[in-house]
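Mind the numbering: the sequence shown is residues 804 to 1311 in the working numbering, read in order. This report concerns only the one structure given below.
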Amino acid sequence: MKRILLPAGGAILATGLLAAGLATTAQADDTVSADVLANQQKAAETLDFWTKSNNQALKNAVAFNPDALEVQKISSGGGYTSDTKPGSTAPIGEEKKAAVKVQNVNLPKTIGKVFFEGRDGKLYWCSGTSIQSQYRNLVATAGHCVYDIAGNDEVVSRWVFVPGYYQGKAPWGVYVGKQAFTHYDFDVYEDFDRDYAFVTVYDGIGGTLNKPKLVDWATYKAYQGEKFVKDVTVSKDEYDKGKLDPKTTDYYDVDPGKADEATGPDYPGAVVDRVEVSEGTYKDATVGQGNGKKFGEPVTEIVTDAEAADYKANAAKDAAKYPATVVQDPRGNWTITHFYVQKWYKKGNVARYIRLEPYTVVHEVKSVGRLGDNVGGQGFAWNQPAGGYVRTFGYPYGPHLDGNKPFTGVTPKWCYGKTAKKALLIPSKKVEEQVSLKCTVTAGYDGGPWLYKYSNAKRLGYVNGVTSLIADTDGNKRYDTITSAYFDGETNVVYKAAAAAWSGKLIP
804 MKRILLPAGG
814 AILATGLLAA
824 GLATTAQADD
834 TVSADVLANQ
844 QKAAETLDFW
854 TKSNNQALKN
864 AVAFNPDALE
874 VQKISSGGGY
884 TSDTKPGSTA
894 PIGEEKKAAV
904 KVQNVNLPKT
914 IGKVFFEGRD
924 GKLYWCSGTS
934 IQSQYRNLVA
944 TAGHCVYDIA
954 GNDEVVSRWV
964 FVPGYYQGKA
974 PWGVYVGKQA
984 FTHYDFDVYE
994 DFDRDYAFVT
1004 VYDGIGGTLN
1014 KPKLVDWATY
1024 KAYQGEKFVK
1034 DVTVSKDEYD
1044 KGKLDPKTTD
1054 YYDVDPGKAD
1064 EATGPDYPGA
1074 VVDRVEVSEG
1084 TYKDATVGQG
1094 NGKKFGEPVT
1104 EIVTDAEAAD
1114 YKANAAKDAA
1124 KYPATVVQDP
1134 RGNWTITHFY
1144 VQKWYKKGNV
1154 ARYIRLEPYT
1164 VVHEVKSVGR
1174 LGDNVGGQGF
1184 AWNQPAGGYV
1194 RTFGYPYGPH
1204 LDGNKPFTGV
1214 TPKWCYGKTA
1224 KKALLIPSKK
1234 VEEQVSLKCT
1244 VTAGYDGGPW
1254 LYKYSNAKRL
1264 GYVNGVTSLI
1274 ADTDGNKRYD
1284 TITSAYFDGE
1294 TNVVYKAAAA
1304 AWSGKLIP
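Next up, the structure:
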(Lines of atoms letter the chains of each structure in order from A and count residues from 1; the text may use other names and numbers.)
(Lines give C-alpha, C1' and ligand atoms only; values in the text may rest on other atoms or scores of the structure.)
Protein backbone atom coordinates (compact mmCIF):
# COMPACT_ATOMS: atom_id res chain seq x y z
CA MET A 1 0.00 0.00 0.00
CA LYS A 2 1.57 3.28 -1.15
CA ARG A 3 1.82 6.02 1.44
CA ILE A 4 2.98 9.57 0.76
CA LEU A 5 3.96 12.35 3.14
CA LEU A 6 4.78 15.99 2.59
CA PRO A 7 5.23 19.01 4.83
CA ALA A 8 2.07 20.89 5.52
CA GLY A 9 1.93 24.21 3.86
CA GLY A 10 4.19 25.16 3.79
CA ALA A 11 16.58 50.40 6.50
CA ILE A 12 13.80 52.62 7.18
CA LEU A 13 13.69 52.07 10.88
CA ALA A 14 17.42 52.19 11.36
CA THR A 15 17.25 55.50 13.21
CA GLY A 16 16.63 54.96 16.90
CA LEU A 17 17.21 51.20 16.92
CA LEU A 18 18.55 49.79 20.18
CA ALA A 19 21.62 47.60 20.41
CA ALA A 20 21.14 43.90 21.13
CA GLY A 21 23.55 40.98 21.29
CA LEU A 22 23.18 37.77 19.29
CA ALA A 23 24.56 34.30 19.72
CA THR A 24 26.06 33.43 16.36
CA THR A 25 27.18 29.81 16.47
CA ALA A 26 25.93 26.43 17.58
CA GLN A 27 26.39 25.45 21.22
CA ALA A 28 29.46 23.49 22.19
CA ASP A 29 27.46 20.31 22.83
CA ASP A 30 25.57 18.32 20.21
CA THR A 31 22.08 19.25 21.34
CA VAL A 32 21.38 22.97 20.80
CA SER A 33 22.02 24.75 17.52
CA ALA A 34 21.49 28.54 17.63
CA ASP A 35 21.57 30.64 14.47
CA VAL A 36 21.09 34.35 13.77
CA LEU A 37 18.06 35.28 11.70
CA ALA A 38 18.39 39.08 11.72
CA ASN A 39 20.47 41.70 13.48
CA GLN A 40 18.79 45.05 14.03
CA GLN A 41 19.60 46.57 10.65
CA LYS A 42 18.46 43.47 8.81
CA ALA A 43 15.38 43.28 11.05
CA ALA A 44 14.40 46.81 10.01
CA GLU A 45 14.87 45.89 6.34
CA THR A 46 12.82 42.72 6.88
CA LEU A 47 9.99 44.67 8.47
CA ASP A 48 10.02 47.18 5.63
CA PHE A 49 9.94 44.36 3.06
CA TRP A 50 6.85 42.65 4.48
CA THR A 51 4.83 45.73 5.43
CA LYS A 52 5.35 48.18 2.57
CA SER A 53 2.50 48.78 0.14
CA ASN A 54 -0.10 47.86 2.75
CA ASN A 55 1.47 44.48 3.66
CA GLN A 56 1.48 43.37 0.02
CA ALA A 57 4.30 40.83 0.50
CA LEU A 58 2.35 39.12 3.28
CA LYS A 59 -0.59 38.82 0.91
CA ASN A 60 1.61 37.38 -1.85
CA ALA A 61 3.10 34.55 0.23
CA VAL A 62 1.91 30.97 -0.30
CA ALA A 63 1.83 27.89 1.91
CA PHE A 64 5.20 26.15 2.15
CA ASN A 65 4.97 22.85 0.28
CA PRO A 66 8.33 21.70 -1.11
CA ASP A 67 8.42 18.51 -3.17
CA ALA A 68 11.78 17.71 -1.57
CA LEU A 69 9.96 16.49 1.54
CA GLU A 70 7.81 13.89 -0.20
CA VAL A 71 8.53 10.33 0.90
CA GLN A 72 7.27 7.00 -0.33
CA LYS A 73 7.10 4.68 2.66
CA ILE A 74 6.06 4.85 6.29
CA SER A 75 5.45 2.20 8.93
CA SER A 76 4.83 1.88 12.66
CA GLY A 77 7.57 0.83 15.06
CA GLY A 78 7.78 0.27 18.79
CA GLY A 79 6.95 2.67 21.59
CA TYR A 80 8.81 5.77 22.70
CA THR A 81 11.74 5.80 25.07
CA SER A 82 11.76 8.72 27.49
CA ASP A 83 15.24 10.08 28.11
CA THR A 84 14.20 11.98 31.26
CA LYS A 85 11.17 12.25 33.49
CA PRO A 86 8.07 13.94 32.04
CA GLY A 87 7.92 17.68 32.67
CA SER A 88 6.15 20.87 31.73
CA THR A 89 6.39 24.66 31.89
CA ALA A 90 3.15 26.54 32.59
CA PRO A 91 1.59 28.83 29.98
CA ILE A 92 1.11 32.56 30.37
CA GLY A 93 -1.45 35.05 29.36
CA GLU A 94 -4.89 34.86 27.96
CA GLU A 95 -8.21 35.95 29.37
CA LYS A 96 -10.43 33.33 30.98
CA LYS A 97 -13.52 32.31 29.06
CA ALA A 98 -16.62 30.59 30.32
CA ALA A 99 -16.35 26.81 30.00
CA VAL A 100 -18.39 25.16 27.26
CA LYS A 101 -19.78 21.64 27.11
CA VAL A 102 -19.86 21.23 23.32
CA GLN A 103 -17.05 21.07 20.75
CA ASN A 104 -17.22 24.81 20.10
CA VAL A 105 -13.48 25.42 20.17
CA ASN A 106 -12.13 28.77 21.28
CA LEU A 107 -9.12 29.43 19.07
CA PRO A 108 -6.00 30.53 20.94
CA LYS A 109 -4.74 34.07 20.38
CA THR A 110 -1.20 32.69 20.37
CA ILE A 111 -1.40 31.08 16.91
CA GLY A 112 -0.49 32.81 13.69
CA LYS A 113 1.50 32.54 10.51
CA VAL A 114 5.26 32.37 10.07
CA PHE A 115 6.38 34.17 6.90
CA PHE A 116 9.78 33.83 5.22
CA GLU A 117 11.65 33.97 1.94
CA GLY A 118 12.95 30.64 0.69
CA ARG A 119 16.28 30.04 -1.00
CA ASP A 120 14.38 30.00 -4.30
CA GLY A 121 13.44 33.65 -3.72
CA LYS A 122 9.74 32.85 -3.27
CA LEU A 123 7.63 33.94 -0.31
CA TYR A 124 6.10 31.29 1.95
CA TRP A 125 4.21 30.82 5.18
CA CYS A 126 3.81 28.11 7.80
CA SER A 127 1.88 28.01 11.06
CA GLY A 128 3.29 28.75 14.52
CA THR A 129 2.47 29.79 18.06
CA SER A 130 3.68 32.07 20.81
CA ILE A 131 5.14 29.99 23.64
CA GLN A 132 6.05 30.88 27.22
CA SER A 133 9.59 32.21 27.78
CA GLN A 134 11.53 34.37 30.21
CA TYR A 135 11.26 37.48 28.02
CA ARG A 136 7.88 36.65 26.46
CA ASN A 137 9.44 36.72 23.02
CA LEU A 138 9.37 33.14 21.71
CA VAL A 139 7.67 31.34 18.80
CA ALA A 140 7.43 27.58 18.30
CA THR A 141 7.17 26.15 14.78
CA ALA A 142 8.53 23.36 12.58
CA GLY A 143 12.27 23.23 11.96
CA HIS A 144 11.76 23.18 8.20
CA CYS A 145 9.88 26.50 8.48
CA VAL A 146 13.08 28.13 9.77
CA TYR A 147 15.98 26.07 8.43
CA ASP A 148 16.63 25.55 4.74
CA ILE A 149 16.04 21.88 3.88
CA ALA A 150 18.07 21.97 0.68
CA GLY A 151 21.14 20.64 2.47
CA ASN A 152 23.13 23.85 2.81
CA ASP A 153 22.79 24.16 6.59
CA GLU A 154 21.38 27.71 6.59
CA VAL A 155 18.36 29.51 7.97
CA VAL A 156 15.75 31.03 5.66
CA SER A 157 15.54 34.78 5.05
CA ARG A 158 13.18 37.55 6.19
CA TRP A 159 11.51 35.48 8.90
CA VAL A 160 8.56 37.08 10.74
CA PHE A 161 5.68 35.92 12.90
CA VAL A 162 2.21 37.49 12.64
CA PRO A 163 -0.21 36.26 15.34
CA GLY A 164 -3.86 36.36 14.32
CA TYR A 165 -2.94 37.12 10.70
CA TYR A 166 -6.01 37.63 8.50
CA GLN A 167 -5.94 38.66 4.84
CA GLY A 168 -3.12 41.17 5.10
CA LYS A 169 -4.02 42.37 8.59
CA ALA A 170 -1.70 42.08 11.60
CA PRO A 171 -3.96 42.79 14.60
CA TRP A 172 -1.20 42.37 17.20
CA GLY A 173 1.73 43.57 15.12
CA VAL A 174 4.55 41.99 13.12
CA TYR A 175 7.40 40.28 15.00
CA VAL A 176 10.75 39.91 13.25
CA GLY A 177 12.73 36.79 14.11
CA LYS A 178 16.05 37.46 15.80
CA GLN A 179 17.55 34.08 16.63
CA ALA A 180 16.56 30.49 15.86
CA PHE A 181 17.13 27.46 18.06
CA THR A 182 16.78 23.85 16.98
CA HIS A 183 18.36 20.48 17.67
CA TYR A 184 21.84 20.02 16.30
CA ASP A 185 20.69 16.93 14.39
CA PHE A 186 18.10 18.85 12.41
CA ASP A 187 20.38 21.79 11.65
CA VAL A 188 23.26 19.61 10.49
CA TYR A 189 21.72 16.29 9.39
CA GLU A 190 18.10 17.25 8.56
CA ASP A 191 16.90 14.58 10.97
CA PHE A 192 13.12 14.95 11.00
CA ASP A 193 12.90 13.30 14.41
CA ARG A 194 14.00 16.81 15.45
CA ASP A 195 11.80 18.85 13.12
CA TYR A 196 11.09 21.73 15.49
CA ALA A 197 12.43 25.23 16.11
CA PHE A 198 12.05 27.96 18.71
CA VAL A 199 12.59 31.51 17.47
CA THR A 200 13.13 34.63 19.58
CA VAL A 201 11.47 37.73 18.13
CA TYR A 202 11.96 41.44 18.59
CA ASP A 203 9.12 43.45 20.09
CA GLY A 204 6.22 43.77 17.68
CA ILE A 205 5.74 46.67 15.32
CA GLY A 206 2.30 48.07 14.56
CA GLY A 207 1.11 50.87 12.31
CA THR A 208 1.97 51.55 8.69
CA LEU A 209 5.27 51.77 6.86
CA ASN A 210 5.62 53.70 3.60
CA LYS A 211 2.34 55.56 4.01
CA PRO A 212 1.71 58.27 1.38
CA LYS A 213 0.71 61.63 2.86
CA LEU A 214 -0.73 64.47 0.78
CA VAL A 215 1.09 67.72 1.66
CA ASP A 216 1.38 71.26 0.35
CA TRP A 217 4.07 72.16 -2.15
CA ALA A 218 6.21 74.03 0.36
CA THR A 219 6.35 70.96 2.61
CA TYR A 220 7.04 68.74 -0.40
CA LYS A 221 9.96 70.86 -1.61
CA ALA A 222 11.51 71.05 1.87
CA TYR A 223 11.08 67.29 2.60
CA GLN A 224 14.37 65.37 2.33
CA GLY A 225 12.94 61.86 2.45
CA GLU A 226 11.08 59.74 -0.08
CA LYS A 227 8.39 61.66 -1.98
CA PHE A 228 6.48 61.58 -5.25
CA VAL A 229 3.99 63.55 -7.36
CA LYS A 230 0.66 62.06 -8.44
CA ASP A 231 -1.31 63.41 -11.38
CA VAL A 232 -5.09 63.56 -11.07
CA THR A 233 -7.37 64.01 -14.07
CA VAL A 234 -9.58 67.12 -13.80
CA SER A 235 -12.08 68.89 -16.06
CA LYS A 236 -11.00 71.56 -18.52
CA ASP A 237 -12.98 74.11 -16.48
CA GLU A 238 -10.98 73.29 -13.33
CA TYR A 239 -7.76 73.34 -15.35
CA ASP A 240 -8.54 76.77 -16.88
CA LYS A 241 -9.61 78.20 -13.53
CA GLY A 242 -6.54 76.87 -11.74
CA LYS A 243 -4.15 78.19 -14.35
CA LEU A 244 -5.71 81.66 -14.23
CA ASP A 245 -6.25 81.96 -10.48
CA PRO A 246 -3.29 84.00 -9.08
CA LYS A 247 -4.00 82.71 -5.55
CA THR A 248 -3.81 79.01 -6.35
CA THR A 249 -0.88 77.01 -5.00
CA ASP A 250 -1.75 73.99 -7.13
CA TYR A 251 0.20 72.97 -10.17
CA TYR A 252 -1.59 72.02 -13.40
CA ASP A 253 -0.47 70.32 -16.57
CA VAL A 254 -2.03 68.97 -19.72
CA ASP A 255 -1.53 65.78 -21.68
CA PRO A 256 -2.36 66.90 -25.24
CA GLY A 257 -3.44 63.42 -26.26
CA LYS A 258 -2.77 61.70 -29.55
CA ALA A 259 -4.89 61.46 -32.66
CA ASP A 260 -5.88 58.18 -34.25
CA GLU A 261 -3.19 56.89 -36.61
CA ALA A 262 -4.11 55.28 -39.91
CA THR A 263 -2.72 51.78 -40.31
CA GLY A 264 -3.29 48.55 -42.16
CA PRO A 265 -5.14 45.54 -40.75
CA ASP A 266 -1.88 43.73 -39.97
CA TYR A 267 -0.59 46.42 -37.61
CA PRO A 268 -0.43 45.14 -33.98
CA GLY A 269 -3.36 46.53 -32.04
CA ALA A 270 -5.10 47.94 -35.13
CA VAL A 271 -8.89 48.29 -34.97
CA VAL A 272 -11.45 48.75 -37.77
CA ASP A 273 -14.26 51.24 -38.15
CA ARG A 274 -16.71 51.91 -40.97
CA VAL A 275 -16.69 54.97 -43.23
CA GLU A 276 -19.78 55.91 -45.21
CA VAL A 277 -19.22 56.31 -48.96
CA SER A 278 -21.31 56.73 -52.10
CA GLU A 279 -23.01 53.83 -53.82
CA GLY A 280 -20.55 54.03 -56.69
CA THR A 281 -17.48 53.89 -54.42
CA TYR A 282 -19.01 50.92 -52.59
CA LYS A 283 -19.67 49.01 -55.83
CA ASP A 284 -16.07 49.59 -56.97
CA ALA A 285 -14.68 48.30 -53.62
CA THR A 286 -13.62 44.68 -53.35
CA VAL A 287 -14.37 42.16 -50.59
CA GLY A 288 -11.71 41.32 -47.99
CA GLN A 289 -9.80 42.87 -45.11
CA GLY A 290 -8.12 46.22 -45.59
CA ASN A 291 -8.63 49.94 -45.97
CA GLY A 292 -11.30 50.73 -48.59
CA LYS A 293 -12.67 47.18 -48.65
CA LYS A 294 -16.41 46.66 -48.29
CA PHE A 295 -17.72 46.86 -44.71
CA GLY A 296 -20.74 44.53 -44.64
CA GLU A 297 -23.90 44.90 -46.68
CA PRO A 298 -25.64 48.21 -47.44
CA VAL A 299 -28.02 49.43 -44.76
CA THR A 300 -31.46 50.62 -45.91
CA GLU A 301 -33.87 52.65 -43.77
CA ILE A 302 -37.45 53.63 -44.52
CA VAL A 303 -38.01 57.38 -44.00
CA THR A 304 -40.83 59.92 -44.25
CA ASP A 305 -41.29 62.41 -47.06
CA ALA A 306 -39.90 65.17 -44.84
CA GLU A 307 -36.83 63.13 -43.81
CA ALA A 308 -36.09 62.28 -47.45
CA ALA A 309 -36.41 65.90 -48.50
CA ASP A 310 -34.20 67.05 -45.66
CA TYR A 311 -31.49 64.52 -46.55
CA LYS A 312 -31.50 65.48 -50.23
CA ALA A 313 -31.22 69.14 -49.30
CA ASN A 314 -28.16 68.44 -47.12
CA ALA A 315 -26.61 66.27 -49.86
CA ALA A 316 -26.95 69.08 -52.33
CA LYS A 317 -24.84 71.26 -50.05
CA ASP A 318 -22.24 68.63 -49.02
CA ALA A 319 -22.33 65.38 -50.98
CA ALA A 320 -19.24 64.00 -49.19
CA LYS A 321 -20.97 64.25 -45.82
CA TYR A 322 -24.32 62.91 -47.12
CA PRO A 323 -23.37 60.21 -49.67
CA ALA A 324 -26.33 57.85 -49.17
CA THR A 325 -28.75 57.01 -52.01
CA VAL A 326 -32.30 58.36 -51.62
CA VAL A 327 -35.01 56.48 -53.58
CA GLN A 328 -38.82 56.65 -53.86
CA ASP A 329 -40.59 53.47 -54.96
CA PRO A 330 -43.68 53.42 -57.29
CA ARG A 331 -46.01 53.52 -54.31
CA GLY A 332 -44.46 56.74 -52.99
CA ASN A 333 -42.37 55.22 -50.11
CA TRP A 334 -38.96 56.77 -49.48
CA THR A 335 -35.76 54.85 -48.49
CA ILE A 336 -32.23 55.96 -47.73
CA THR A 337 -29.49 53.36 -48.35
CA HIS A 338 -26.07 53.76 -46.70
CA PHE A 339 -22.86 52.19 -48.03
CA TYR A 340 -19.71 51.57 -45.95
CA VAL A 341 -16.05 50.66 -46.46
CA GLN A 342 -13.36 49.75 -43.92
CA LYS A 343 -11.01 52.17 -42.18
CA TRP A 344 -8.18 50.62 -40.12
CA TYR A 345 -6.33 52.68 -37.49
CA LYS A 346 -4.35 52.65 -34.28
CA LYS A 347 -6.45 54.27 -31.57
CA GLY A 348 -5.04 57.40 -29.96
CA ASN A 349 -6.14 59.09 -26.75
CA VAL A 350 -7.96 62.28 -25.92
CA ALA A 351 -6.45 65.28 -24.23
CA ARG A 352 -6.25 65.02 -20.45
CA TYR A 353 -6.11 67.90 -17.97
CA ILE A 354 -4.09 67.26 -14.84
CA ARG A 355 -3.69 68.61 -11.33
CA LEU A 356 -0.40 67.63 -9.71
CA GLU A 357 -0.60 66.43 -6.09
CA PRO A 358 2.57 66.27 -3.93
CA TYR A 359 3.04 63.39 -1.47
CA THR A 360 5.66 62.53 1.12
CA VAL A 361 6.20 58.96 2.31
CA VAL A 362 5.93 58.66 6.08
CA HIS A 363 6.20 55.83 8.58
CA GLU A 364 3.50 55.82 11.21
CA VAL A 365 4.78 52.89 13.25
CA LYS A 366 5.20 52.15 16.91
CA SER A 367 6.40 49.36 19.14
CA VAL A 368 3.43 47.32 20.36
CA GLY A 369 5.49 45.51 22.99
CA ARG A 370 6.40 41.92 23.65
CA LEU A 371 4.70 39.04 21.92
CA GLY A 372 3.75 37.22 25.14
CA ASP A 373 2.31 40.36 26.69
CA ASN A 374 0.01 40.83 23.69
CA VAL A 375 -1.25 37.32 22.95
CA GLY A 376 0.01 35.20 25.84
CA GLY A 377 2.18 32.13 25.48
CA GLN A 378 1.41 28.41 25.49
CA GLY A 379 3.16 26.20 28.01
CA PHE A 380 5.68 23.50 27.11
CA ALA A 381 5.63 19.77 27.89
CA TRP A 382 8.10 16.96 27.21
CA ASN A 383 8.35 13.20 27.66
CA GLN A 384 4.61 12.82 27.86
CA PRO A 385 3.21 9.30 27.30
CA ALA A 386 1.99 8.35 23.82
CA GLY A 387 -1.71 7.81 23.26
CA GLY A 388 -2.79 11.01 25.02
CA TYR A 389 -5.28 13.56 23.75
CA VAL A 390 -3.99 16.66 21.95
CA ARG A 391 -5.59 19.53 20.10
CA THR A 392 -3.70 20.85 17.09
CA PHE A 393 -4.07 24.16 15.27
CA GLY A 394 -2.85 25.59 11.97
CA TYR A 395 -3.73 27.20 8.63
CA PRO A 396 -4.25 24.48 5.98
CA TYR A 397 -4.29 25.63 2.39
CA GLY A 398 -2.80 23.22 -0.16
CA PRO A 399 -4.66 20.58 -2.19
CA HIS A 400 -5.00 16.88 -1.49
CA LEU A 401 -3.14 14.49 -3.79
CA ASP A 402 -6.27 14.13 -5.94
CA GLY A 403 -6.39 17.92 -6.50
CA ASN A 404 -9.27 18.62 -4.13
CA LYS A 405 -8.69 21.86 -2.23
CA PRO A 406 -11.06 22.15 0.76
CA PHE A 407 -9.16 24.84 2.70
CA THR A 408 -8.48 28.52 2.00
CA GLY A 409 -5.63 29.16 4.46
CA VAL A 410 -7.45 32.29 5.60
CA THR A 411 -8.70 31.06 8.97
CA PRO A 412 -7.14 28.52 11.38
CA LYS A 413 -8.49 24.99 11.69
CA TRP A 414 -8.08 22.40 14.44
CA CYS A 415 -7.93 18.64 14.98
CA TYR A 416 -8.48 16.69 18.19
CA GLY A 417 -7.74 13.13 19.18
CA LYS A 418 -5.35 10.60 20.68
CA THR A 419 -1.83 10.29 19.33
CA ALA A 420 -0.78 6.85 18.11
CA LYS A 421 0.98 4.72 20.72
CA LYS A 422 3.45 3.32 18.21
CA ALA A 423 6.22 5.47 16.82
CA LEU A 424 6.25 6.36 13.12
CA LEU A 425 9.13 5.16 10.94
CA ILE A 426 10.10 7.08 7.78
CA PRO A 427 13.59 5.92 6.70
CA SER A 428 13.98 8.46 3.86
CA LYS A 429 13.64 11.32 6.37
CA LYS A 430 15.68 9.65 9.12
CA VAL A 431 12.47 9.36 11.14
CA GLU A 432 12.53 6.62 13.76
CA GLU A 433 9.98 7.82 16.30
CA GLN A 434 7.70 10.60 15.15
CA VAL A 435 4.28 10.95 16.76
CA SER A 436 1.17 10.72 14.56
CA LEU A 437 -2.44 11.89 14.79
CA LYS A 438 -5.44 11.31 12.53
CA CYS A 439 -6.20 14.69 10.90
CA THR A 440 -7.37 15.51 7.36
CA VAL A 441 -5.61 18.86 6.88
CA THR A 442 -3.34 19.86 4.00
CA ALA A 443 -0.24 21.95 3.30
CA GLY A 444 0.03 25.12 5.41
CA TYR A 445 -0.75 23.36 8.68
CA ASP A 446 2.91 22.61 9.36
CA GLY A 447 4.56 24.34 12.27
CA GLY A 448 1.23 24.62 14.10
CA PRO A 449 1.19 23.54 17.76
CA TRP A 450 0.05 20.24 19.27
CA LEU A 451 -1.42 21.35 22.58
CA TYR A 452 -1.56 18.91 25.48
CA LYS A 453 -4.18 19.54 28.18
CA TYR A 454 -5.68 22.39 26.17
CA SER A 455 -8.19 24.45 28.18
CA ASN A 456 -10.99 25.66 25.95
CA ALA A 457 -11.92 28.14 28.69
CA LYS A 458 -8.45 29.67 29.02
CA ARG A 459 -7.38 29.01 25.43
CA LEU A 460 -4.12 27.68 26.80
CA GLY A 461 -2.32 24.37 26.95
CA TYR A 462 1.15 22.87 26.64
CA VAL A 463 3.04 22.64 23.36
CA ASN A 464 3.91 18.94 23.11
CA GLY A 465 4.66 18.89 19.37
CA VAL A 466 4.47 20.86 16.13
CA THR A 467 3.15 19.56 12.83
CA SER A 468 6.00 18.20 10.74
CA LEU A 469 4.61 16.07 7.90
CA ILE A 470 1.22 15.23 6.42
CA ALA A 471 0.43 11.69 5.30
CA ASP A 472 -1.91 9.76 3.08
CA THR A 473 -1.73 6.46 4.96
CA ASP A 474 -4.40 4.51 3.04
CA GLY A 475 -3.44 5.45 -0.51
CA ASN A 476 -6.74 7.16 -1.43
CA LYS A 477 -5.06 10.42 -2.48
CA ARG A 478 -6.44 12.27 0.56
CA TYR A 479 -4.25 13.28 3.50
CA ASP A 480 -5.46 11.74 6.74
CA THR A 481 -2.56 11.90 9.22
CA ILE A 482 -0.18 14.53 10.60
CA THR A 483 3.10 13.90 12.37
CA SER A 484 5.32 15.64 14.91
CA ALA A 485 8.72 15.12 16.42
CA TYR A 486 8.46 13.50 19.86
CA PHE A 487 9.28 16.17 22.45
CA ASP A 488 11.76 14.57 24.83
CA GLY A 489 14.37 15.79 27.31
CA GLU A 490 16.67 17.01 24.54
CA THR A 491 13.82 19.06 23.11
CA ASN A 492 13.51 20.62 26.54
CA VAL A 493 17.21 21.50 26.48
CA VAL A 494 16.72 23.32 23.15
CA TYR A 495 13.56 25.01 24.43
CA LYS A 496 15.22 26.21 27.65
CA ALA A 497 18.12 27.72 25.73
CA ALA A 498 15.68 29.64 23.51
CA ALA A 499 13.39 30.60 26.40
CA ALA A 500 16.27 32.30 28.21
CA ALA A 501 17.42 34.39 25.22
CA TRP A 502 16.66 38.09 25.19
CA SER A 503 15.78 39.92 21.97
CA GLY A 504 14.84 43.58 22.63
CA LYS A 505 13.13 46.31 20.65
CA LEU A 506 13.35 47.69 17.14
CA ILE A 507 11.84 51.05 18.16
CA PRO A 508 12.70 52.60 21.58
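A virtual CB, placed ideally from N, CA and C, is assigned to each residue, including glycine.
- Leaving aside the five residues that flank Tyr1042 on each side, the residues in its chain whose CB is nearer than 8 angstroms to its CB run, in chain order, Tyr1055, Val1057, Tyr1156, Ile1157 and Arg1158.
- Out of Gly1206, Ser930, Gly1268 and Val1129, the CA that lies nearest to the CA of Gly1212 is found in Ser930.
- Taking Pro1015 as the centre and dropping the five residues before and after it, the same chain places the C-beta of Tyr1162 and Val1164 closer than 7 angstroms to its C-beta, in chain order.
- Tyr1085 and Gly1099 have their C-alpha atoms roughly 10 angstroms apart.
- Assignment of Ser933 by DSSP, reduced to helix, strand and coil, places it in the strand class.
- Per DSSP, Glu1110 is one residue of the alpha helix (DSSP H) stretching across Asp1108 to Lys1120.
- Secondary structure note for Gly1292: its alpha helix (DSSP H) is the uninterrupted segment Gly1292 to Ala1302.
- For Phe1183, the closest alpha carbon among the candidates Glu1236, Asp1275, Trp962 and Lys1299 is that of Lys1299.
- For Lys1308 and Gln935, the gap between their C-alpha atoms comes out near 18 angstroms.
- Annotated three-state conformation of Ala1073 is coil, per DSSP.
- In this structure, DSSP gives Gly1045 a helical state, which the three-state scheme calls helix.
- Around the beta carbon of Lys1124, a 10 Å sphere encloses fewer than 16 other beta carbons of the protein chains shown; the residue is thus reported as exposed.
- For Phe1031, the uninterrupted beta strand (DSSP E) run begins and ends at Lys1030 to Val1037, by DSSP.
- Annotation for Phe1031: Tyr1162 place their beta carbon closer than 7 angstroms to its own, counting only its chain and skipping 5 residues before and after.
- Put simply, the backbone Cα of Thr1140 is about 15 angstroms away from that of Lys1097.
- By the CB criterion at 9 angstroms, Tyr938 and Gly1175 fall inside the cutoff.
- In the three-state reduction of the DSSP assignment, Tyr1192 falls in the strand class, which pools E and B.
- Taking a contact as a CB-CB distance under 8 angstroms, the pair Lys1146 and Asn1094 counts as one, their CB atoms being some 6 angstroms apart.
- In the three-state scheme derived from DSSP, where H, G and I count as helix and E and B as strand, Tyr927 is classed as strand.
- Val835 is positioned such that its CB atom lies no closer than 9 angstroms to that of Tyr999.
- By the neighbour-count criterion, in which 16 or more other beta carbons inside 10 Å mark a residue as buried, Glu993 falls on the buried side.
- For Lys845, the enclosing alpha helix (DSSP H) starts and ends at Gln843 to Asn863.
- Ranked by how close their Cα comes to the Cα of Gly1179, the residues His947, Trp1305 and Gly967 have Gly967 in first place.
- One Cα belongs to Tyr969, the other to Thr1214, and the distance between them is close to 7 angstroms.
- In the displayed model, Tyr1085 falls within a helix according to three-state DSSP.
- By the Cβ criterion, the stretch 1214 to 1231 is in contact with the stretch 1195 to 1206, since at least three pairs of Cβ atoms, one from each stretch, lie closer than 8 angstroms.
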